[in-house]
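**Q** If you scroll down you'll find the structure; I have some questions about it.
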Amino acid sequence: MIPVTELIRQAVKAMGKAYTPYSGFQVGAALCTKEGKIYQGCNIENAAYTPTNCAERTAFFKAVSEGEREFSAICIVGGKEGVLTDFTAPCGVCRQVMMEFCNPETFQIILAKNEEDYCIYTLRDMLPMGFGPDNLA
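Sequential numbering of the sequence shown, starting at 1, is according to UniProt numbering.
As structure tokens, this is what we get:
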């Protein structure tokens, strides 16, 4: 797996690309495949609000559209006007998207304030009773 510090750097870089004219709350994500390739994502707001897309889903959809299906970790950073002051956890919809493509026991979700201050959770930690493809088998 890619070192945590590199995922944090990539997520911060992605955050700088966020389109947030309404909330000013920028989020960046760096998604790591099982093979170590990184896909960045940023949040993209919309005046109608509902079409807004989160950074995490942007990263997943970019990766999946390129044929990726196996992931090991995602790092998420965020803050008002791009200033990291607290951890930014994924919303419920993003957790559900992760459940579609990731093993909840092993997929790591890294929440970071900076390269020294971060926490690592599994998807199971963040979505303990998640519904995924295995439920439909």
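Beta carbons: idealized from backbone N, C-alpha and C, even for Gly. All figures in this text were calculated on a predicted structure; none of them were measured in a lab.
By alpha-carbon positions, which one of 87, 54, 20, 46 ends up nearest to residue 93?
**A** Ranking the options by Cα distance to residue 93, first place goes to 54.
**Q** Does DSSP put residue 41 in a helix, a strand or coil?
**A** Looking at residue 41 - three-state DSSP - the assignment turns out to be strand.
**Q** With a Cβ-Cβ cutoff of 8 Å, do residue 83 and residue 11 count as a contact?
**A** Contact flag unset, no.
**Q** Is it right to say residue 88 is buried, meaning 16 or more other beta carbons lie within 10 angstroms of its own, or is it exposed?
**A** Buried: at least 16 other Cβ atoms inside 10 Å.
**Q** Is residue 2 helix, strand or coil by DSSP?
**A** The answer is coil: DSSP assigns residue 2 none of H, G, I, E or B.
**Q** Could you pull the DSSP bridge partners for residue 77 from this structure?
**A** Paired residues: 28.
**Q** Would you report the Cα separation of residue 34 and residue 52, rounded to the nearest angstrom?
**A** Using only the alpha carbons, I get a separation of about 28 Å.
**Q** Under DSSP, the alpha helix (DSSP H) around residue 123 begins and ends at which residues?
**A** Segment 123-126, the alpha helix (DSSP H) holding residue 123.
**Q** By Cβ distance, which residues of its chain are closer than 6 Å to residue 38, with the 5 residues on each side in sequence left out?
**A** Closer than 6 Å at Cβ, skipping near neighbours: 10, 30, 32.
**Q** Assuming residue 73 and residue 108 make a contact with CB atoms under 8 Å, what is their CB distance in whole Å?
**A** Rounded, the Cβ-Cβ distance is 4 Å, consistent with contact.
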